[in-house]
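Q:
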DNA sequence: ACAGGTTAGTTGGAAAATCCAACCGACTCG
DNA sequence: CGAGTCGGTTGGATTTTCCAACTAACCTGT
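Chains as they are written, first to last, in this note's numbering: chain A, 4 to 163; chain U, 4 to 163.
1) With a cut-off of 8 Å, does the C-beta of residue 66 of chain A fall near any C-beta of chain U?
2) Report yes or no: is there a C-beta of chain U within less than 8 Å of the C-beta of residue 120 of chain A?
3) Ordered along the chain, which non-local residues of its own chain (more than five positions away) have a Cβ less than 8 Å from that of residue 141 of chain U?
4) Express the C-alpha separation of residue 100 of chain U and residue 14 of chain U in angstroms, rounding to a whole number.
5) Suppose you measure from the CA of residue 114 of chain U to the CA of residue 153 of chain A; what does that come to, to the nearest Å?
6) Name the chain A residues that come within less than 8 Å of residue 149 of chain U, Cβ to Cβ?
7) Closer than 9 Å between beta carbons: that is the criterion. Which residues of the segment 72-99 of chain U meet it against chain A?
8) Check the Cβ of residue 60 of chain U against every Cβ in chain A and list those closer than 9 Å, keeping chain order.
9) With distances taken Cα to Cα, identify the nearest neighbour of residue 25 of chain U among A/123, A/84 and A/54.
10) Could you pull out every residue in the same chain whose Cβ sits closer than 7 Å to the Cβ of residue 10 of chain A, ignoring the five residues on either side in sequence?
11) What residues in its chain sit with their C-beta under 7 Å from that of residue 31 of chain A, if we drop five residues either side in the sequence?
12) Leaving out the 5 sequence neighbours to the left and right, which residues in its chain are closer than 8 Å to residue 33 of chain U when beta-carbon positions are compared?
13) Is it buried or exposed for residue 72 of chain U, if we count other Cβ within 10 angstroms and need 16 for buried?
14) For residue 37 of chain U, count neighbouring Cβ atoms within 10 angstroms of its own Cβ and tell me buried if that reaches 16, exposed if not.
15) Name the chain A residues whose beta carbon is nearer than 9 Å to that of residue 35 of chain U?
16) Report the rounded CA-to-CA distance for residue 129 of chain A versus residue 82 of chain U, giving the unit in angstroms.
17) Tell me whether residue 34 of chain U sits in a helix, a strand or coil according to DSSP, three-state version.
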């Protein structure tokens, strides 16, 4: 396991998980990104396929755009029409969706029929997460806190 | 990429990602699980470290418990005191936290100092997600829809 | 004995987020 | 001309969350 981390005093833990959830953790955000990863880019279809109400979906898409996760692309001049595409950052959300889908298909099995996922090789979804450094598979408990990082202007190529 | 999936008609896509978010997507749920993965098991500390208000946190922990993700364990008889532990299912949320932390530390870099994560081997967090079947690394776009699955009573050992 | 601290909550009321159905503008198609 | 498409916006109801205070049941030190 892990020895308890004693934040003895008070303030919430500022970590990258919390920061990621700031952007991806709002309602409907991940489902909207799921749609885009599956090739659905139009507002109406995203609304339908996620179940989000149109007004909050509008808000979410604006937030995701402002955070650089998606892009709003005009595909028709007259009338002006837009569709939504993943940026590089958005495309890299895939591992999160994959882990979520894998966890869910292992632990959320019940009578209701759901769409499963698979890898493009054709196999049922069965992802293995390993450390790029040592090659070892991540086991529960092998996630540990590292040092505090503050990285003004170290963004990996300002996007796109 | 992926050819658009035409759910021609109406209903939201019932998939394992949506099902997973049903449980893990509520506010504070993943942060509470993060705390438990880091070895923090007491209500007060979880509340402090996540920033969740105590009433909401109570609700979340109850939901997670009822869904089999965590267990409420009595550690003192008098007065009755409880702490929260991950079940097997809960421990397996780790890959989601890992992917989230990795995405965030790549794309959410700004001036505010945050705790980073690392693998137990000591290396900075740098997870690779690959297909257990073919061994290939998952690339953005290699997540595809599979068939509908309904699996009453196929749970992997009714839990722990 | 009593004040003070710890711990896991609960309570009530305010504030924020979400839901929903209907509407709008600018088109296109038959 | 009427109907349909598409990407929204609007107003009002509902739900969720926030917040600070409070409780119950102890323990610890003076």
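Here a beta-carbon is modelled for each residue, glycine too, at the ideal position from N, C-alpha and C.
A: Let me spell this out:
1) no
2) yes
3) 132, 133 and 134
4) 30 Å
5) 5 Å
6) 118, 119, 120, 121, 127 and 128
7) 72, 89, 91, 92, 93, 94, 95, 96, 97, 98 and 99
8) Neighbours of residue 60 of chain U on chain A: none; closest Cβ ~12 Å, over 9 Å.
9) Nearest of A/123, A/84 and A/54 to residue 25 of chain U, Cα basis: A/54.
10) Note that residue 10 of chain A scores 39 on pLDDT, short of 50, meaning its location in the model is unreliable and no value can be drawn from it.
11) 53, 55, 59, 60 and 63
12) Only 27, 96, 99, 100 and 103 meet the Cβ criterion.
13) Residue 72 of chain U is buried by the Cβ-count criterion.
14) buried
15) What residue 35 of chain U touches in chain A: nothing, since even the nearest Cβ is about 11 Å away.
16) 45 Å
17) Under the three-state reduction of DSSP output, residue 34 of chain U falls in the helix class.
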